[in-house]
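Peer 1: Just so we're aligned: the sequence shown equals residues 192 to 322 in our numbering.
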Amino acid sequence: MNRKILIIDDDPIVLFLHETILDDSAKGAAVLTFESGTLAQEYIIKHKSEELLLLLDINMPVVNGWQLLDFLSTVSFQSEIAVLMVTSSVNDSDKEKALSYPMVNGFLIKPLTPEALLALLDSDRLRKFLE
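1) Since residue 274 is in the beta strand (DSSP E), which residue starts that stretch and which ends it?
2) Suppose the cutoff is 8 Å on Cβ atoms and the five residues either side in sequence are ignored; what does the same chain contact list for residue 223 look like?
3) Assuming residue 200 contacts residue 248 (C-beta within less than 8 Å), just tell me the rounded distance between them.
4) From which residue to which residue does the beta strand (DSSP E) around residue 297 run?
5) Determine the closest residue to residue 293 out of 309, 219, 272 and 203, with distance taken between C-alpha atoms.
6) Give the C-beta separation of residue 320 and residue 220 to the nearest angstrom, bearing in mind that I take them to be a contact with Cβ-Cβ under 8 Å.
7) So which of 212, 250, 305 and 306 has the shortest CA-CA distance to residue 281?
8) When the Cα atoms are used, what is the spatial distance from residue 269 to residue 318?
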């Protein structure tokens, strides 16, 4: 199966930084970037047969992280999707809300670091993307 990591964030600097870290760390999947939830949603719909790990920001214009999670909750192929929230929010209620979605496997504060990725290797669902 094709494995892809989708970085979804409206900040081009964050996209570049996170893509660079993942290119060096994630050997189990190709890395793609999306500047909006809308573009990511279109990609997900067209690529139902791929196994996806989404690094998802919460606060984005048009389709935000919550709206994308709500959409993902309705698709029949959601078992092929894992989500890691990577956000600037330090709000405990955001973390609780994010972790209430079954496909969300973690909540990290931006920026992503190689050390934070290493800590995720304990999760079987995430390890296959990161090794």
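Glycine included, each C-beta is placed from N, C-alpha and C at the ideal position.
Peer 2: Let me lay it out:
1) Here residue 274 corresponds to residue number 83 of the sequence shown, with the count starting at 1. Start and end: 272–278.
2) Working through the sequence shown from its first residue, we reach residue 223 at position 32. Answer for residue 223: 195, 196, 197, 198 and 234, listed in chain order.
3) The residue labelled residue 200 in the question sits at position 9 within the sequence shown. The residue labelled residue 248 in the question sits at position 57 within the sequence shown. Beta-carbon to beta-carbon, residue 200 and residue 248 are separated by about 4 Å, close enough to satisfy the 8 Å threshold.
4) Here residue 297 refers to the residue found at position 106 when the sequence shown is read from its first residue. DSSP places residue 297 inside the beta strand (DSSP E), whose first and last residues are 295–300.
5) As a first step, residue 293 is located in the sequence shown; it is residue number 102 there, counting from the start. Minimum Cα distance to residue 293 is reached at 272.
6) Taking the first residue of the sequence shown as 1, we reach residue 320 at position 129. Taking the first residue of the sequence shown as 1, we reach residue 220 at position 29. The pair is a contact, with the Cβ atoms about 5 Å apart (cut-off 8 Å).
7) Start at 1 with the first residue of the sequence shown, and residue 281 comes out as number 90. Considering only alpha carbons, the answer is 250.
8) Mapped onto the sequence shown, residue 269 falls at position 78. Mapped onto the sequence shown, residue 318 falls at position 127. For residue 269 and residue 318, the distance between alpha carbons rounds to 18 Å.
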